[in-house]
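**Q** Residue numbers (the working numbering): 1119 to 1282.
Every residue gets a Cβ at the ideal spot worked out from N, C-alpha and C, and that includes glycine.
Have a look at this one.
The structure is reproduced here in structure tokens:
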């Protein structure tokens, strides 16, 4: 083998190795795999938290999880609410549980700290201590509540709509 052939073979191996690495990264992104504690997976099936707790999401410095459509998730979220600073619940007519509620949390100084959509009737949010306004919008009706977060399990807000 000449040095020229050896150089071409080495270059081909480097390109093949890089291609395999990129394909693996693309698969990890497509499958909802996480790096650095951030996830784009909004489903709760197959979560890594165990015990039926939906996948924990990250938005800036705020962690949150939502769900509760199934019995396992509902129980897990209710059990965990004592460990999270803010617990939210969304219900409709005849206390039906709602999902698809748009949630915004605004800090005391007016800065938005969270903007997301609830995947079920319960949402748990990790926030630093302080005063916040929670805006919850279902269909075309937005409601708001002010909450004071002092530590885990201290702030709860329930939102109820009379529309279906």
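At what residue ranges does the region 1195-1269 contain a whole run of the beta strand (DSSP E), taking only runs of 3 or more?
**A** Whole beta strand (DSSP E) segments, 3+ residues: 1204-1209, 1220-1225, 1230-1235, 1240-1244, 1248-1256, 1259-1267.
**Q** What residues match up with residue 1180 in a beta bridge as DSSP calls it?
**A** Position 62 of the chain shown, counted from the start, is the residue given in the question as residue 1180. Answer is 1177, bridged to residue 1180.
**Q** To the nearest angstrom, how far is it from the Cα of residue 1254 to the Cα of residue 1181?
**A** Start at 1 with the first residue of the chain shown, and residue 1254 comes out as number 136. Start at 1 with the first residue of the chain shown, and residue 1181 comes out as number 63. Answer to the nearest angstrom: the Cα atoms are 18 Å apart.
**Q** One question on the structure: do residue 1285 and residue 1210 come within less than 8 Å of each other, judged by their Cβ atoms?
**A** The structure shown does not extend to residue 1285, since the chain spans only 1119 to 1282, so no value can be given for it.
**Q** Rounded to whole angstroms, what is the Cα-Cα separation between residue 1187 and residue 1227?
**A** For the purposes of this step, residue 1187 is taken as residue 69 along the chain shown, with counting starting at 1. For the purposes of this step, residue 1227 is taken as residue 109 along the chain shown, with counting starting at 1. Cα to Cα, the separation comes out at about 34 Å.
**Q** Just to confirm my understanding: we take residue 1257, look at its own chain, exclude 5 residues before and 5 after, and list those with CB closer than 7 Å. What are they?
**A** Looking up residue 1257 in the chain shown gives position 139. Closer than 7 Å at the Cβ level, and outside the excluded window around residue 1257, lie 1281.
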